[in-house]
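When you read off a place in the sequence shown, starting at 1, and then add 100, the result is the number in the numbering used here. Here the structure is laid out as C-alpha cells; the discussion comes afterwards.
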Amino acid sequence: MKNHLPLIDKEGEVRELKEEDFALMRPAEEVLPLSLLKTLGIRGPQKAPTKQKITIRLSQEVVDAFRATGKHWQSRMDCAMKNWLKEHSPHDVKP
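Structure representation (C-alpha cells):
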C-alpha cells in the first residue's frame, strides 16, 4: 500500500487536500460501524423497496393539510390513500 501524507500537520492544522486524497475517500455508509450510523440517523439500504418515488401534482389545500401534521406527513398521505382504496376504485373518480 502506498504511503499517504498525514491529513494534519505538526501544528494540528488540516493540510490542503489533493485530488489523490479525494480519490481515496469512501461514503460513510461503507466505512463507519453500523452502531455509529444508527446513532447519526443514517439508514442503510432498504432490504426490499416498499414504496416507489414518483412526481405527482396535488392541490395546495391537500398538501398544506398533510404538511401541517408534521414529520412523516407523506407516509400519512400514503396511509390515507390506502384506506380510501379499501372501499373505492380509482376508476370511479372523475377529475
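For glycine and all other residues, C-beta sits at the position ideal for the given N, C-alpha and C.
| task | Could you tell me which residues DSSP puts in a beta bridge with residue 114? | result | Taking the sequence shown and counting its residues from 1, one reaches residue 114 at position 14. According to DSSP, residue 114 bridges with 108.
| query | The alpha helix (DSSP H) with residue 175 in it runs from where to where? | reply | Taking the first residue of the sequence shown as position 1, residue 175 is located at position 75. Here the alpha helix (DSSP H) through residue 175 covers 173 to 187.
| query | To the nearest angstrom, how far is it from the Cα of residue 194 to the Cα of residue 150? | reply | For the purposes of this step, residue 194 is taken as residue 94 along the sequence shown, with counting starting at 1. For the purposes of this step, residue 150 is taken as residue 50 along the sequence shown, with counting starting at 1. If I take the Cα positions, the gap works out to 28 Å.
| query | Whose C-beta lies closer than 7 Å to the C-beta of residue 169 among residues of the same chain, with five residues either side of it excluded? | reply | For the purposes of this step, residue 169 is taken as the residue at position 69 of the sequence shown. Only 176 meet the Cβ criterion.
| message | In the DSSP assignment, the alpha helix (DSSP H) including residue 164 goes from what residue to what residue? | response | Counted from its first residue, the sequence shown places residue 164 at position 64. Looking at the DSSP string, the run of the alpha helix (DSSP H) that includes residue 164 is 160 to 167.
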